[in-house]
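Colleague: Mind having a look at this structure? Questions to follow.
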Amino acid sequence: MTTESITSDRQIDRSQMSVSQTDVAIDIVGMNKWFGDFHVLRDIDLKVMRGERIVIAGPSGSGKSTLIRCINRLEEHQKGQIIVNGTELTSDLKRIDEVRREVGMVFQHFNLFPHLTILQNLTLAPIWVRGIPKAKAEETAMMYLERVKIPEQAAKFPGQLSGGQQQRVAIARSLCMNPEIMLFDEPTSALDPEMVKEVLEVMISLAESGMTMLCVTHEMGFARQVANRVIFMDQGQIIEQNGPEEFFSNPQHERTRLFLSQILH
Amino acid sequence: MNHFVRSEMAPAQPAPRSTTGAIVWAKQNLFSSPSDALLTLLAGIFLLWAVPPIVGFLFTQAVWPGGTVEDCRLETAGACWAYVAARINFFIYGFFQIDQYWRPNIVFALGAALLIPLAIPKAPFKVINALLFFVVLPVVTYVLLAGGFFGLRPVPTEQWGGLLVTLIISYVAILGSLPIGILLALGRQSKLPVIKTLCIAFIELWRAVPLITVLFMASIMLPLFLPQGMSVDKLLRALVGVTLFASAYMAEVIRGGLQAIPRGQYEAGSSLGLSYWQRMGFIVLPQALKHVIPGIVNTFIALFKDTSLVSIVGIFDLLNTIQAATSDANWFSSNQAVTGYIFAAIVYWIFCFSMSRYSMFMERRLNTGHKR
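The listed protein sequences derive, respectively, from chains A and B.
Take the first sequence: its position 84, counting from 1, is numbered 92 in our numbering, and each next residue is one higher.
Take the second sequence: its position 203, counting from 1, is numbered 366 in our numbering, and each next residue is one higher.
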């Protein structure tokens, strides 16, 4: 793996990719989480401004996935605060639903609903959560399928699509809810090498549209190209964070240097 | 290493024709080895020994409708179908008053008219059809059979009987046990300790008791707990007992299906903001139920046959009417009882085999996961 541009044929349009100075999208303060006795996240402090593209890297078991899964409360934290779009996550189901409506998530294994067609996968939540009329929801769904370049697959079932196509559908499914923040949990890790690029392309175009994004990924080329901040985690803690240029060219912490030397050749 | 570059791609070719023909088939399937040949031979001898007497008893030597009891009493006579034909009304309607047969007949016709289009995937108006079958039909059935409304003569449930009662108990228990079973299975997986404990207690209690015990308790013990002067219809008690018994089994079958759904499906639903009931209703249950169609239908089939146990508390279902008719002296012959039981077996088999075949059809139809 290299940090070279994965999409060298494409110029990144940075005009929309501005980061707000005042508008906080996610504020995590002194957050701790345990799995039983195992202290999986320790004293996490992270402030994400509107429009930021953050890549979270780190060895497996470092807590990166758990961190972003706490942001839409797929995991529960035990100490500290997580405030998303001004709503603090507590055990209050109403608040959790409020946050989840505005935060999209893309999973490593796509998690499309196999018994529904692609179009039904995309329209289920807009119709039942947002109360959008079916025809309008389908129109929006087709627009996003165009955007991820697979409108012709709308009537098929997920099992009939390739991994890359399924992951693009999963991204479109999240976008149909018109979220303000997108979380990506290793979106390309389960894909064949030939399909990684098509998914990254979609993510790049999403970044260009100004979406606030948190991506757990090992795609360092994507991090260098798109991220405005790279966070390195180990043993449940944030070890280092920096802009991508600095992060890759001049890592400060010893653990970061070791990690980068392992994955970059 | 030799350098190699493919100059043209190999075209796809049709698969070789498999060797066919009866002799080849027999050689491959019946006589592929000496021990195989021996087994084939033994099986052939067994069939030659067993089949002709069975065919003789059921068909060639049988006394068909139109025959008399004297024919059935002959030494050489087989199955006495004439007896079944003569008593068929009793087997279908029990003690229902003869001049009121039109009422159960309408129920049968309505049931069939609603069930058949419901079972055909392509038939239109599924929602209305389902509502009619699951909501309107029970009400209409009750009004028609019990009477007392619209000038219909009341018919006490003690007079209902035969296939009519077997089908009513099965219909109610199947319709009742599926939703109750789903709720119990969901409750058993609940994070709320009170609900979880209650559901586990309910399921384990009903599963640990034989159905006969349940029916005895319902018919003998339940009245003891009811206030003086209040009584619950015997058929109703049996219906409730069988339904709750079946729902405990149903709950465990469905729980198996729920466990087969990957956590990612729940999480994807949650991350889209769907509520608990939306996640269950749209994402988890459709997949879970599909996985366990064989188990669900298995429970339905067992349930259908178990309805015959209600005869123990004095309800005249199909088997009990057949049993009762064996003491009919007008048709007394040595094959009278055997013929009755064979008839019962055939009727039960037709219903159970239909359910089994239909479930296989549904499994194939709903299989979207692996279709490429």
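Cβ atoms here follow ideal geometry from the backbone N, Cα and C, with glycine treated the same way.
Since the structure is predicted, the reported quantities are computational estimates derived from the model, not experimental observations.
By DSSP's criteria, residue 240 of chain A is part of a beta bridge. Which residues make up the other side?
Modeller: Answer by DSSP bridge pairing, in chain order: A/65, A/248.
Colleague: May I ask you to list the residues that DSSP assigns as paired with residue 39 of chain A?
Modeller: Paired residues: A/52.
Colleague: Exposed or buried, residue 342 of chain B, counting other C-beta atoms within 10 Å across all chains shown (16 or more means buried)?
Modeller: Under this definition residue 342 of chain B is an exposed residue.
Colleague: With DSSP run on the structure shown, which of helix, strand or coil describes residue 293 of chain A?
Modeller: Within the shown structure, residues of chain A are numbered from 9 to 273, placing residue 293 of chain A beyond reach of any answer.
Colleague: In chain A, which residues lie with their C-beta within 7 Å of the C-beta of residue 526 of chain B?
Modeller: Result: empty, since nearest Cβ-Cβ is about 13 Å, beyond 7 Å.
Colleague: Residue 87 of chain A bridges to which residues according to DSSP?
Modeller: Residue 87 of chain A is bridged to A/40.
Colleague: For residue 323 of chain A, write down the residues that DSSP places opposite it in a beta bridge.
Modeller: The structure shown has nothing for residue 323 of chain A, since chain A only spans 9 to 273.
Colleague: Between the alpha carbons of residue 149 of chain A and residue 129 of chain A, how many angstroms are there, rounded?
Modeller: Going from the Cα of residue 149 of chain A to the Cα of residue 129 of chain A covers about 9 Å.
Colleague: With DSSP as the reference, please indicate the residues paired to residue 203 of chain A in a beta bridge.
Modeller: In DSSP, residue 203 of chain A forms no bridge with anything.
Colleague: Following a CB-centred definition, is residue 324 of chain B positioned closer than 7 Å to any heavy atom of the ligand SAH?
Modeller: The ligand SAH is absent from the structure shown, which contains no ligands of any kind.
Colleague: For the alpha helix (DSSP H) containing residue 220 of chain A, name the first residue and the last one.
Modeller: Element bounds for residue 220 of chain A: not the alpha helix (DSSP H) but the beta strand (DSSP E), 220-224.
Colleague: Residues in the stretch 445-472 of chain B with C-beta within 9 Å of chain A's C-beta atoms, listed in sequence order?
Modeller: From the stretch 445-472 of chain B, only 445, 446, 449, 450, 453 have a Cβ closer than 9 Å to chain A.
Colleague: From the DSSP output, in three-state form, read off residue 193 of chain A for me.
Modeller: Strand.
Colleague: Between which residues of its own chain and residue 219 of chain A is the CB-CB distance below 7 Å, once the five residues before and five after are set aside?
Modeller: The residues are 190.
Colleague: Kindly list, in the order they appear in chain E, the residues whose Cβ is closer than 8 Å to that of residue 428 of chain B.
Modeller: Structure shown: chain E not included; protein chains present are A and B.
Colleague: What residue range does the alpha helix (DSSP H) around residue 559 of chain B cover?
Modeller: There is no way to answer for residue 559 of chain B, as the model of chain B reaches only from 164 to 535.
Colleague: Ignoring anything shorter than 4 residues or poking outside the stretch 222-254 of chain B, list the alpha helix (DSSP H) runs there in chain order.
Modeller: Counting whole runs of 4 or more residues, the stretch 222-254 of chain B contains the alpha helix (DSSP H) stretches 232-236, 244-249.
Colleague: Going by DSSP, what residue range makes up the alpha helix (DSSP H) through residue 78 of chain A?
Modeller: Its alpha helix (DSSP H) spans residues 72-79.
Colleague: Excluding sequence positions up to five away, which residues of its chain have a Cβ less than 7 Å from the Cβ of residue 55 of chain A?
Modeller: Closer than 7 Å at the Cβ level, and outside the excluded window around residue 55 of chain A, lie 32, 35.
Colleague: Counting pairs of beta carbons, one from the stretch 395-402 of chain B and one from the stretch 483-491 of chain B, are three or more of them closer than 8 Å?
Modeller: No contact exists between the stretch 395-402 of chain B and the stretch 483-491 of chain B.
Colleague: Between the C-alpha atoms of residue 238 of chain A and residue 211 of chain A, what's the straight-line distance to the nearest angstrom?
Modeller: Distance between the alpha carbons of residue 238 of chain A and residue 211 of chain A: 16 Å.
Colleague: What three-state label does DSSP hand residue 95 of chain A in the structure shown?
Modeller: Residue 95 of chain A falls in the strand class under three-state DSSP.
Colleague: State yes or no: is the beta carbon of residue 474 of chain B nearer than 8 Å to at least one beta carbon in chain A?
Modeller: Residue 474 of chain B does not count as touching chain A.
Colleague: Output the boundary residues of the alpha helix (DSSP H) element that contains residue 171 of chain B.
Modeller: Residue 171 of chain B -> no alpha helix (DSSP H), and no H or E assigned at all.
Colleague: Using a beta-carbon distance cut-off of less than 8 Å, what residues from the stretch 234-265 of chain B approach chain A?
Modeller: Under the 8 Å Cβ criterion, the stretch 234-265 of chain B contributes no residue.
Colleague: Leaving out five residues on either side along the sequence, give the residues of the same chain with a beta carbon under 8 Å from the beta carbon of residue 242 of chain A.
Modeller: These residues qualify, in order along the chain: 66, 67, 70, 263, 267.
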